[in-house]
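S.K.: Would you mind keeping the following structure in view while I ask a few things?
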Amino acid sequence: MINHLRQLVISSSVLFAVLVTVYPAHSAPLKVLHLSLSAAETGFDPVMTSDLNTAAIEEQLFEPLLTYDYLARPVKLIPRLAAQMPVISDQGKTWLFTLKKGVYFSPDPVFKGKLREVTAQDVVYTIMRFMDPKNRSPYKFLVDHKILGLNALADQARQTGHFNYNAKVEGLEVVGPYQLKIRLTGTDYNFGHAMAQPMFGIVAREVIEAYQGDTASHPVGTGPYMIGQWIRSASINLVKNPNYRDERWHFTSQDPQDQKIVQAMTGKRIPQIDQVDIQIVEEAQSAYLSFLKGELDVFGVPGQFAPNVLSGTELKPKLQQQGIQLQRLVDPAIAYYFINIEDPQLGGMALSRIALRRAILMSLNDEEMIRVIYKGQAFREAFPIPQGVEGHDANYQSLIHYNPQEANDLLDKMGYKKAKDGYRRQIDGGPLYVKYTTTLTSQDRDLEEIMKKSLDRIGIRFVSEKLKFPEIIRAERQCRVAMRLSAWIADYPDGDNFMQLWYGPHTHENNASCFQDAKWDKLYEKTLALPNSPERDQLYRQLARLLEINGVTKVSTSHIRNVLIQPWVVGYKAHPILPSTWAYIDLIPEGERH
Amino acid sequence: MWSFFIRRLLQMIPTLLGVILLVFFLFNWVGGDPAYILAGKLASAEDIANIRHQLGIDQPWYWQLWIFIQQIATGNFGDSWATHESVAHIFKTRLTPSLVLLIPMMIIETVTAVCLALLVAVFRRSMIDQSLMVVSTIMMSISLLVYIIVGQYLFASLLGWFPVKGWSDSLWRDLTYYAPLPIFLGLLVSIAPSLRLYRTFILDEINQDYVRTARAKGLSESRVLFKHVLKNAAIPILTNLLMGLPGLLTGAFLLERFFAIPGIGREIILAVERSDFPIIKAATVYVAIATMLANLLADLLYRYLDPRVNLK
Chain A
1 MINHLRQLVI SSSVLFAVLV TVYPAHSAPL KVLHLSLSAA ETGFDPVMTS
51 DLNTAAIEEQ LFEPLLTYDY LARPVKLIPR LAAQMPVISD QGKTWLFTLK
101 KGVYFSPDPV FKGKLREVTA QDVVYTIMRF MDPKNRSPYK FLVDHKILGL
151 NALADQARQT GHFNYNAKVE GLEVVGPYQL KIRLTGTDYN FGHAMAQPMF
201 GIVAREVIEA YQGDTASHPV GTGPYMIGQW IRSASINLVK NPNYRDERWH
251 FTSQDPQDQK IVQAMTGKRI PQIDQVDIQI VEEAQSAYLS FLKGELDVFG
301 VPGQFAPNVL SGTELKPKLQ QQGIQLQRLV DPAIAYYFIN IEDPQLGGMA
351 LSRIALRRAI LMSLNDEEMI RVIYKGQAFR EAFPIPQGVE GHDANYQSLI
401 HYNPQEANDL LDKMGYKKAK DGYRRQIDGG PLYVKYTTTL TSQDRDLEEI
451 MKKSLDRIGI RFVSEKLKFP EIIRAERQCR VAMRLSAWIA DYPDGDNFMQ
501 LWYGPHTHEN NASCFQDAKW DKLYEKTLAL PNSPERDQLY RQLARLLEIN
551 GVTKVSTSHI RNVLIQPWVV GYKAHPILPS TWAYIDLIPE GERH
Chain B
595 MWSFFIRRLL QMIPTLLGVI LLVFFLFNWV GGDPAYILAG KLASAEDIAN
645 IRHQLGIDQP WYWQLWIFIQ QIATGNFGDS WATHESVAHI FKTRLTPSLV
695 LLIPMMIIET VTAVCLALLV AVFRRSMIDQ SLMVVSTIMM SISLLVYIIV
745 GQYLFASLLG WFPVKGWSDS LWRDLTYYAP LPIFLGLLVS IAPSLRLYRT
795 FILDEINQDY VRTARAKGLS ESRVLFKHVL KNAAIPILTN LLMGLPGLLT
845 GAFLLERFFA IPGIGREIIL AVERSDFPII KAATVYVAIA TMLANLLADL
895 LYRYLDPRVN LK
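Protein sequence lines, in the order shown, are assigned to chains A and B.
Counted from 1, the first sequence has number 236 at position 236 by our numbering; the numbering is strictly sequential.
For our numbering, add 594 to where a residue sits in the second sequence, where the first one is 1.
Okay, structure coming up:
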C-alpha cells in the first residue's frame, strides 16, 4: 500500500515537472479585457450594421482600407489594410489604393485549413455588397451614386432580383492583386472617410456565399480578433486572430498627456490583450456596480448617470482614491432644434413667418436643458459642425440667443397679438401653436416641460405629439414634424456630414426641416468641390448664418463623453470616431495589480 | 371526457383567429413602419421602398394576413427584421434563460405561499396572521424596480454575496451562481399577493361545514388541514398557478434587463421598440395558445381533483 502511494506521489511529481517544463507558456495568465455594451449586438455582417455597439465589435473583427490615428486630435486618416494613404487624382475623382501584402482572413472552415490572403478583388466585392438591394445596407449612402457604374448594377439587380457580382464596374478597377483604382462620379474629398468605416471591413466572397442567409452569424475578417464564444444578446468573447499579421504599436503624439501611453505601448505587438469579454448590460446601474467591483475594465458613463460619478468636471474623490481614471471628450455630435419650413403653422418664407420662427428659437433656454436634461454633461454649441470635426468654427457667434424679451418684442412688432387666454394668434387671427414631437421616454417628458415653459414665456401655445421613434422618422421624411430637438452624430469627421442636413435635395431623406433654398443649396454644392480648407470653412460659416437668418434651425448643444478606466488598463485613450480601440491597449496582469 | 377535450380544442380555433386579427390590425395600424429605421440615416425613398418590399409590408393587407396565418400554421415566423436572426432561434435561445429564472420562482413562490397561507389560516386573527398580512401589504406596495435597484446594490455590490449581473452557457452555473439573486428579488414581490390570495381560499374552506364535521369526528388538525382543506382549496390555487404559466413565455423583463440575462422578456420589449413584427407576432400567438392550453389543463385537473366536477 505504502509502495503504491509512493509510486503515485513520484509519478505525479514527474508528470507535474514535465507539464511545467513542456508548457511553460500556459502558466502565464491570459489577459482578458472585460467590457459592457449598452445594447445587444445585431449580428456581424458589416454591410447590414447600423448601430454603434455592433460596429465597435466589428472594428476588431474586420478591417477597412483606412482608419483613424489612435492618438491624433483632431482625428487623422491613416492606412489600415492599405499599405499607404491612397493617391488622389483628377480633382478628388480617382482614388488609387494599394493593399498591404500578407494580410490573411481569420480561420474558417470555408477556407479548408488554408491561409486566405486579401486581394483587391475582395475590396471590390465588399464595396459591391453595399449596393445589393438584398443587403438593404444602412450605410449604402457612403457609396450610393458615388462610384462610376455601380448604381447601374444596383438598378439591374432591382429589376432581375439578382446582383451580378461578376460584372465589371467602371469605377472599381482592379489594377493588380494588391491595387485598386476607384473612380468616382464627381469630386469627393471625403471618400477616404467612407473607406475608414468599420462597415467597410473587407470580407471574402466565398465566406459570404457559403453562409448565405446567415452571414451575420459567421463573421470572418482580417482584424486582430475573431469571435470565440457568443451567447446572443448576452455576451461575446473575442479571441486573438491567429492569422493576424505582425503589426506593431506605432502611434506618435506631441500632446504631453499622451507621452505615458506612447512610452508604455510603442513597439508592442498588436493586440496585447488575449481575449475581450463583452457583456450586454442595458442598465447603467448594473454596469456601474460591476465596474466598481472590478468586473469591468472600462465604463462609458451615460449622461444622466454623471452626477453619481462626477463632482463638476472631476471624478469623485472616492473613485480617485481607487486609482480610477476619468477621460472626458467632446462627442462629434450636435443636438439641434429644427422647424419645418413646410409646416402650415410655422413654415413659409414670408418675413412674418421667419420672425415667428426666430422668436420661437430665441425662447429656448439651452442652459436649462444642459442642467436638467443633460446633468451638466453638455455645453452650448452655436455652429452646426461640432468640435473635432473638420470645418468646425469655435469662434462662431450665433444670432439666436436665449432672450424671451426680445422674442416677445419681435412677435409684437410683427403683429402676433395675444388673445384673452394669454396666447398669441396668427397675424390673420387664426390659431397659433407649436406642435412639438417627442417620444415616450422620461427624458422627453422633461424636455416637453422645458419646451412648454419656453413657449409660454412668449405666449405661444405648446401642443405635444408623442410618437414611437420609427414613426417620428417617417413623419420627418414626409415633412410632417413641425418642430423637434434632433441630434446628429458624425458618420465621419467632416463638416459635410452635418451641413447636408439642410440640403434641399435631401428633403424627404434627412433634411427634416424640409428647407429648400436655391441660394443655400448653391453654396452647399460649392463646398462639395472643395477639400478641407479655409475657403470651405468660409462657405460653411455663410451656410450656418443663412440657417439662422431664415429661422430654420438653432444648434443647441454638444455633449461630453465621460469614460472611467480601471488603474490596470494601460494605453487607453478615448477616441471620438473609432467605435472601439481594444487592440491598441494593454492590461497589467492580475497578479501584478496593486 | 374525450368529447370535452376535442370540443375545447375546436373552440380554440375561433379564439385564435380573433387573436390573429387583433394582433395583425393593431400592429399594422399603430405599430409603426420599421423600414424607416432599418433604412439608416441617409436613405432615399427608393431604399425605403426596397425595404418595405423585402419585408412584405407593401403588400395588400389581406395578403399580409394570409402570410401571417401561413406562418402560424407552419410555425415558421421567418427572421427578425432588425437582426436577421430566425425567430425560431430567438425563442429557442432566449426562452431557456427566462425559464431558468421563472420556473424556480414559480415553484418557490407557490410552495412558500401555500405553506404560509396554511400557517396564517391556522392562526387566523392572531398576531402571526396580522403581522404577516401587514408585511405582505407593504411588500406588495413596493415596486419590483425598487427591490432590484436596492437588492443589486446591497447584496451584489456592497456585500458581494452575488454577482452584479451576467449569464453563461452552463445551466448549472446560471442556476446556482447568476440566477439566485434575481429569483430572490422576484420572490419578494410575487409571494405576498399569492399568500393573501391563498389565505383567502383556505379560510373559505376552513369555514365550511365539512371541516366542522371532520373536527367533530376527532380528526387531528393537521389531517383536517392537509387532507381536507388543502385538497379543496387546491382548485382555485391550481387555477391561479396555471393562469400564470403562459407568463413564462413572456419572461421577466425588469429582472432580465438589470441582471443582463438574455431572456425572452427583454427580447420582446426590444422587438416592440424596433417594430420587429415577426418577433411580436410569434410571441403573441405563442402566449395566446399557451393561455388556451393552460385553461384546458386547468379544467381537466379540476375533474381529477374533484370528481364531482362534470365536464360538459
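Every residue gets a Cβ at the ideal spot worked out from N, C-alpha and C, and that includes glycine.
It should be emphasised that the depicted structure is a prediction, and the values quoted were computed from it without experimental measurement.
Who are the neighbours of Arg851(B) on chain A, taking C-beta pairs under 8 Å?
M.R.: Glu282, Glu283, listed in chain order.
S.K.: Among the candidates Ala865(B), Asn834(B), Leu695(B), whose CA atom is the shortest distance from the CA of Leu891(B)?
M.R.: The candidate whose alpha carbon is nearest that of Leu891(B) is Asn834(B).
S.K.: Using a cut-off of 7 Å between C-beta atoms, extract the partners of Thr687(B) located in chain A.
M.R.: Per Cβ cutoff of 7 Å: Arg232.
S.K.: Can you tell me whether DSSP reads Asp521(A) as helix, strand or coil?
M.R.: Correct three-state label for Asp521(A): helix.
S.K.: Which residues does DSSP list as the beta-bridge partners of Gln325(A)?
M.R.: In DSSP, Gln325(A) forms a bridge with Ile565(A).
S.K.: Give the DSSP bridge partners of Asn237(A), in chain order.
M.R.: For Asn237(A), which the question treats as bridged, DSSP gives the partners Gln229(A), Asp277(A).
S.K.: Out of Ile831(B), Asn826(B), Ile862(B), point me to the one whose CA is closest to Leu842(B)'s CA.
M.R.: Here the closest residue by C-alpha is Ile862(B).
S.K.: So Glu708(B) is in the alpha helix (DSSP H); what residue range does that whole segment cover?
M.R.: In the sequence as displayed, the identity of residue 708(B) is Val instead of Glu. Val708(B) -> alpha helix (DSSP H) spans 681-716.
S.K.: Is there at least one Cβ from chain B nearer than 8 Å to Pro470(A)'s Cβ?
M.R.: Yes, its Cβ sits closer than 8 Å to a Cβ of chain B.
S.K.: Under 7 Å between beta-carbons, which chain B residues line up against Asn510(A)? List them in chain order, please.
M.R.: Lys635, Leu636, listed in chain order.
S.K.: With a Cβ-Cβ cutoff of 8 Å, do Pro386(A) and Ser558(A) count as a contact?
M.R.: Taking 8 Å as the Cβ cut-off, Pro386(A) and Ser558(A) qualify as a contacting pair.
S.K.: How many whole angstroms separate the CB atoms of Ala715(B) and Leu797(B), which I take to be in contact at a CB cut-off of 8 Å?
M.R.: The Cβ separation is near 6 Å, so the contact holds.
S.K.: Quick check on Gly672(B): does DSSP put it in helix, strand or coil?
M.R.: Coil, per DSSP.
S.K.: Which one of Trp488(A), Asn408(A), Asp537(A) has the shortest CA to CA distance from Ala394(A)?
M.R.: Of the listed residues, the one whose Cα sits closest to Ala394(A) is Asp537(A).
S.K.: State the DSSP-derived secondary structure class of Gln179(A), mapped to helix, strand or coil.
M.R.: Strand, per DSSP.
S.K.: From the beta carbon of Ser869(B), is the nearest beta carbon of chain A less than 8 Å away?
M.R.: Judged by the 8 Å Cβ criterion, Ser869(B) is in contact with chain A.
S.K.: Can you tell which of Asn241(A), Arg328(A), Gln345(A) has the C-alpha that lies nearest to the C-alpha of Arg561(A)?
M.R.: For the residues Asn241(A), Arg328(A), Gln345(A), the minimum Cα distance to Arg561(A) belongs to Arg328(A).
S.K.: Just to confirm before moving on: does the CB-CB distance between Tyr139(A) and Arg205(A) stay below 8 Å?
M.R.: No, they are not a contact pair.
S.K.: If you measure from the beta carbon of Gln665(B) to each beta carbon in chain A, is any gap under 8 Å?
M.R.: Judged by the 8 Å Cβ criterion, Gln665(B) is not in contact with chain A.
S.K.: Does the beta carbon of Leu775(B) sit closer than 8 Å to a beta carbon anywhere in chain A?
M.R.: No, no contact with chain A.
S.K.: How about Pro567(A): is its C-beta nearer than 8 Å to some C-beta of chain B?
M.R.: Not one chain B Cβ lies under 8 Å of Pro567(A).
S.K.: Is it buried or exposed for Lys759(B), if we count other Cβ within 10 angstroms and need 16 for buried?
M.R.: Lys759(B) is buried by the Cβ-count criterion.
S.K.: Skipping 5 residues on each side, what residues in its chain have a beta carbon closer than 6 Å to that of Leu726(B)?
M.R.: Hits under 6 Å: Val714.
S.K.: Does Phe662(B) come out as helix, strand or coil in the three-state DSSP assignment?
M.R.: Of the three classes helix, strand and coil, the one that applies to Phe662(B) here is helix, per DSSP.
S.K.: Let me see if you follow: with CB-CB separation under 8 Å, is Pro856(B) close to chain A or not?
M.R.: At least one chain A Cβ lies under 8 Å of Pro856(B).
S.K.: Buried or exposed, going by whether 16 or more other CB atoms sit within 10 Å of the CB of Leu5(A)?
M.R.: Low local confidence applies: a pLDDT of 46 at Leu5(A) is under 50, so the model's placement there is unreliable, and no value is given.
S.K.: Which of helix, strand or coil does DSSP assign to Val729(B)?
M.R.: Correct three-state label for Val729(B): helix.
S.K.: Run through DSSP, which three-state label would Ile57(A) get?
M.R.: In this structure, Ile57(A) counts as helix in the three-state DSSP scheme.
S.K.: Mind pulling the chain B residues with CB within less than 9 Å of Glu63(A)?
M.R.: What Glu63(A) touches in chain B: nothing, since even the nearest Cβ is about 22 Å away.
S.K.: Closest by CA to Lys875(B), which one among Ile642(B), Ile684(B), Pro856(B)?
M.R.: Taking only the C-alpha atoms, the option nearest Lys875(B) is Ile684(B).
S.K.: Cβ closer than 9 Å: which chain B residues qualify as neighbours of Gly293(A)?
M.R.: A quick correction: the sequence has Lys, not Gly, at residue 293(A). Under the 9 Å cutoff, chain B gives Ala750, Ser751, Gly754, Pro757, Val758.
S.K.: Please classify Val87(A): is it buried, with 16 or more other beta-carbons within 10 angstroms of its beta-carbon, or exposed?
M.R.: Counting Cβ neighbours within 10 Å, Val87(A) comes out exposed, since fewer than 16 surround it.
S.K.: Quick one: is Gln426(A) near chain B, going by C-beta distance under 8 Å?
M.R.: Closer than 8 Å: no.
S.K.: Are Val681(B) and Ser692(B) closer than 8 Å when you measure CB to CB?
M.R.: Not a contact, by the Cβ cut-off of 8 Å.
S.K.: Please report the distance separating the alpha-carbon of Glu465(A) from that of Ala475(A).
M.R.: If I take the Cα positions, the gap works out to 11 Å.
S.K.: What are the complete alpha helix (DSSP H) segments, minimum 4 residues, inside the region 461-532 of chain A?
M.R.: Fully enclosed alpha helix (DSSP H) runs of 4 or longer: 469-477, 496-499, 518-528.
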